[in-house]
Amino acid sequence: MSSNDTYQYLKARLDEALAECARLRAENQKLREALGSTQNESSLNEPPHQYTSAQPPPEVSSWPAAKVHSKSSSKEKIDLFRKLFRGREDVYPKLWENRKGDSGYTPACANEWKRPLCGKPRVKCGQCSNRSLVPMSDQVIYDHLAGKQTIGVYPLLTDETCWFLAADFDKELWREDASVFRDVCRKMGVPTALERSRSGNGGHVWIFFQAPVPAATARRFGYSILA
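Our numbering puts the first residue of the sequence shown at 5, with every later residue one more than the last.
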């Protein structure tokens, strides 16, 4: 590959990364509006940060010997899910799909489609006075693991801290990109976990922290790995 080809390739990857950042900012804003949050957006525009010995990165969790497997009890599996994917406990997002094939996540509501309490689609969920957010529970997680429903977590806690960092990779070269990301993490001594996305056309690399860290710190840590 010539130097010009290399430049064009790197420029294309950078453009894709910037476009993805813009998409994620827009998605985060929509989620904040759906949850009625007034969190400050200014931290999203902070530049990448290089960590030094004076400013060490957040402590990450190492992977213990596997104790939970396919034959483990439901409680053990639920406990592991809760330990890894810690987020807000007062609300969780649930996957929706319509007849057109569109899909997305929205905060789970106890009154969804219950007439006359639910005014969908005339009234937006975020503007509904009858909205009753459903908290995370062991039963909700059990139904997710059993395939009865698909849920997510809201990782940003009310104090703007988080327990984990997820890097999303897609497009044709997602395997290569995720592999490079994990190699850098390995050299930094940062344990990671790779998960294939629901579509099968991408993947997520997870980094779990030993304690909740400021979301801005986690974001800078992720930028530092990519730099």
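We treat Cβ as the ideally placed atom computed from N, Cα and C, and that holds for glycine.
Beta-bridge pairing of residue i - partner residues as DSSP gives them
{"i": "D94", "result": "D94 pairs with nothing; no bridge assigned."}
{"i": "F212", "result": "F168"}
{"i": "T162", "result": "DSSP lists no partner for T162."}
{"i": "L1", "result": "Outside the shown range of the chain, which is 5 to 231, sits residue 1, and nothing can be said about it."}
{"i": "G123", "result": "Paired residue(s): none; G123 is not in a bridge."}
{"i": "I155", "result": "K98"}
{"i": "L137", "result": "C113"}
{"i": "F173", "result": "G207"}
{"i": "V64", "result": "F213"}
Rounded Cβ spacing between residue i and residue j (contact assumed at less than 8 Å)
{"i": "I145", "j": "P97", "result": "Actually they are not in contact, since the Cβ atoms of I145 and P97 sit about 13 Å apart, beyond 8 Å."}
{"i": "R135", "j": "N115", "result": "7 Å"}
{"i": "A219", "j": "E164", "result": "5 Å"}
{"i": "T196", "j": "I211", "result": "6 Å"}
{"i": "P62", "j": "F168", "result": "Not a contact, Cβ separation roughly 10 Å."}
Nonlocal neighbours in the same chain, by C-beta distance under 6 Å from residue i, ignoring five residues either side
{"i": "S76", "result": "none"}
{"i": "D142", "result": "I82"}
{"i": "G105", "result": "none"}
Residue range of the beta strand (DSSP E) that includes residue i
{"i": "R199", "result": "Per the sequence shown, residue 199 should be read as Glu rather than Arg. A197 to R200 is the extent of the beta strand (DSSP E) around E199."}
{"i": "T110", "result": "S107 to P111"}
Residues near residue i in its chain [Cβ-Cβ closer than 7 Å; skip 5 each side]
{"i": "C113", "result": "C129, R135, S136, L137 and V138"}
{"i": "G108", "result": "W100"}
{"i": "G226", "result": "L169 and A171"}
Limits of the unbroken alpha helix (DSSP H) element including residue i
{"i": "T221", "result": "A219 to L230"}
{"i": "K128", "result": "Looking at the DSSP string, K128 is not in any alpha helix (DSSP H), and its letter there is neither H nor E."}
{"i": "C132", "result": "Where C132 is concerned, there is no enclosing alpha helix (DSSP H), given that its DSSP letter is neither H nor E."}
{"i": "S77", "result": "From DSSP, S77 is part of no alpha helix (DSSP H); its letter is neither H nor E."}
{"i": "F185", "result": "W178 to K191"}
Close-in-space but distant-in-sequence residues of the same chain around residue i (CB under 8 Å, 5 per side omitted)
{"i": "C122", "result": "C113, N115, E116, C132 and N134"}
Quiz item: Does the stretch 83 to 90 come within contact of the stretch 121 to 136, defined as at least 3 CB pairs closer than 8 Å?
Solution: no
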